[in-house]
RNA sequence: GGGUAGGUGACGGAGUGGUCAAACGUACCAGACUGUAAAUCUGGCGGUCUUAGACCUACGGAGGUUCGAACCCUCCCCUGCCCA
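In my numbering, the protein residues as written are 1309 to 1687.
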């Protein structure tokens, strides 16, 4: 049980690993789709022509806490049963929600007090509550409750945030150890905005507490790619080589490639589903906005090199029509396509690393994908 | 044939002497979205000029009144409804 390194790339810091949980193994580098999307089910291994699928998905304890409530899921047999997903699940604690719902919340040493965005109730979540909630859900991998600061953030504020996060992390770990058997995992989260010394200190003290994996939080909030990559590079030197490294919330395909080359193993991001819902598709040559008029009578699939259910069955013109008529099937089919794109992308990354060809794979992808206008490609 | 209501930009529909190139909605054309309060949000949408802005063409048609008309008057054309 837990993480094992399988291969390390010779030219970069990329690596292939496997993480074993009570609900099976997932291979890294991995992308975790968000589990509330029905389309995820269709991405289970074996349901697609080429036998690749999501091996782990992510859920959010904060949102499930508010609706439908932890007890409903717990009493109903746990999150896996609730979602009909028998493979690994990672749950986020809600640290990011504290950050993104900031106008409604009050942060104290004890925890976070906030108004439910759903019905306006005042609710309270402590680090211990967050752990108990995730244990109640039956999550395989749980995240500590952390404080994620926005960008830009002053040094002192960032320092206070890592200190609070560290205190909360110790409490989380203590609560976890007293409640959980050995079939669950708890990951710590490194904060520190874009300050190298804070990031380093946050990482070192988090490692000292001792977690089953380490996440990098608080990035992709507006700091820009160079600063982000600098933080990732720095942390991957500090974090133990044998532990899984999770880059929270990112990102675009090329960002994932960069992060993998710096040594990241695990990703999650709302982009494939959110963009899918809003009409943008990832393809092998770039992003495509399906609502645009150029696809009005385009009978080709979204991506001619894709084997997903959407691309095997439907045309751009039909998907555009679904979006333009407000039919929910459009967002569903496009989300499914985008998730498939990410899952296949990660699969290809793992293959490339194993073959010792990751650097070439990365270069080829960037040449093909970056700055490529879709309209040009049509000519 | 008589009466009546009306003809506004792609469509629906405000406006009823100057602040109107014309509200609002839809459609259309783009853009955004990164640990999901997001099937969402933003911008554009008569024409020409590179923008501020300027000019041109516009509210069924033709005349007229007025410093000024989508808005008032006259005639004509068209449409809905009612009565014969």
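Here a beta-carbon is modelled for each residue, glycine too, at the ideal position from N, C-alpha and C.
Note down, one range per segment and in chain order, each alpha helix (DSSP H) of at least 4 residues found wholly within the segment 1364 to 1426.
The segment 1364 to 1426 contains, as complete alpha helix (DSSP H) runs of 4+ residues, the segments 1369 to 1374, 1378 to 1383, 1387 to 1391 and 1403 to 1408 (chain order).
Can you tell me the Cβ-Cβ gap for residue 1494 and residue 1450, rounded? I've got them flagged as a contact below 8 Å.
Rounded, the Cβ-Cβ distance is 5 Å, consistent with contact.
List the endpoints of the continuous beta strand (DSSP E) containing residue 1259.
Residue numbering for the chain in the displayed model covers 1309 to 1687; residue 1259 lies beyond these limits and cannot be assessed.
Inter-stretch contact (C-beta, 8 Å, three-pair minimum) for the segment 1430 to 1447 and the segment 1485 to 1494
Verdict: yes, contact present.
Residue 1374 versus residue 1424 - alpha carbon distance
If you draw a straight line from the Cα of residue 1374 to the Cα of residue 1424, it comes to about 7 Å.
According to DSSP, residues forming a beta bridge with residue 1334
Looking at the DSSP assignment, residue 1334 forms a beta bridge with 1327.
For residue 1473, list the residues DSSP reports as bridge partners.
Looking at the DSSP assignment, residue 1473 forms no beta bridge with any residue, so it has no partner.
Might you give, ordered along the chain, the residues of its own chain that have their beta carbon closer than 7 Å to the beta carbon of residue 1479, omitting 5 neighbours on each side?
Closer than 7 Å at Cβ, skipping near neighbours: 1435 and 1436.
According to the neighbour-count rule (16 or more other Cβ atoms, all chains shown, within 10 Å of its Cβ), is residue 1618 buried or exposed?
In the assembly as shown, residue 1618 is a buried residue. Its beta-carbon has 16 or more other beta-carbons within 10 Å.
In angstroms with no decimal places, state the Cα-to-Cα distance between residue 1548 and residue 1661.
For residue 1548 and residue 1661, the distance between alpha carbons rounds to 20 Å.
Could you tell me which of 1538, 1313 and 1602 sits nearest to residue 1504, measuring between CA atoms?
Nearest of 1538, 1313 and 1602 to residue 1504, Cα basis: 1538.
Contact belief for residue 1599 with residue 1631 at Cβ below 8 Å, rounded distance in angstroms
Right, the Cβ-Cβ distance comes to about 5 Å (below 8 Å), so this counts as a contact.
Assigned exposure category for residue 1346 - 16 Cβ within 10 Å defines buried:
With a pLDDT of only 44 at residue 1346, under 50, the local geometry of the prediction cannot be trusted, and no value is derived from it.
Curious, which full-length alpha helix (DSSP H) runs of at least 4 residues does the segment 1586 to 1626 contain?
If we require 4 residues or more, the alpha helix (DSSP H) runs fully inside the segment 1586 to 1626 come out as 1617 to 1621.
Hey, out of 1367, 1629, 1403 and 1402, whose CA is closest to residue 1386's CA?
Among 1367, 1629, 1403 and 1402, the Cα nearest to that of residue 1386 belongs to 1367.
Given that a residue counts as buried once 16 or more other Cβ atoms are within 10 Å of its Cβ, and exposed if not, what is residue 1670?
Here residue 1670 is buried. Its C-beta has 16 or more other C-beta atoms within 10 Å.
Residue 1507 classed as buried or exposed, judged by whether at least 16 other C-beta atoms fall within 10 angstroms:
Buried, because 16 or more other Cβ atoms sit within 10 Å of the Cβ of residue 1507.
What distance in whole Å lies between the Cβ atoms of residue 1414 and residue 1408, which are believed to be in contact at a cut-off of 8 Å?
Residue 1408 to residue 1414, Cβ: 15 Å. No contact.
Could you round the C-beta distance between residue 1496 and residue 1452 to whole angstroms and report it? I think they count as a contact, below 8 Å.
Correct: roughly 6 Å between the Cβ atoms.
Where the beta strand (DSSP E) through residue 1523 begins and ends
It spans 1521 to 1524 - the beta strand (DSSP E) in which residue 1523 sits, taken as one unbroken run.
Below 7 Å between beta carbons: does that hold for residue 1316 and residue 1323?
Contact: yes.
Once DSSP output is grouped into helix, strand and coil, what is the label at residue 1559?
When DSSP states are grouped into helix, strand and coil, residue 1559 belongs to the coil group.
Using alpha carbons as the reference points, say which of 1501, 1673 and 1563 lies closest to residue 1656.
Nearest C-alpha to residue 1656 among 1501, 1673 and 1563: 1673.
Could you check whether residue 1340 and residue 1364 sit closer than 7 Å to each other, using their CB atoms as the reference points?
Their beta carbons are under 7 Å apart, which means residue 1364 touches residue 1340 by this criterion.
Helix, strand or coil: which one does DSSP assign to residue 1464?
Residue 1464: helix per DSSP, three-state reduction.
Have a look at the DSSP bridge pairing and note the partners of residue 1270.
Since the first residue shown for the chain is 1309 and the last is 1687, residue 1270 is missing from the structure and cannot be characterised.
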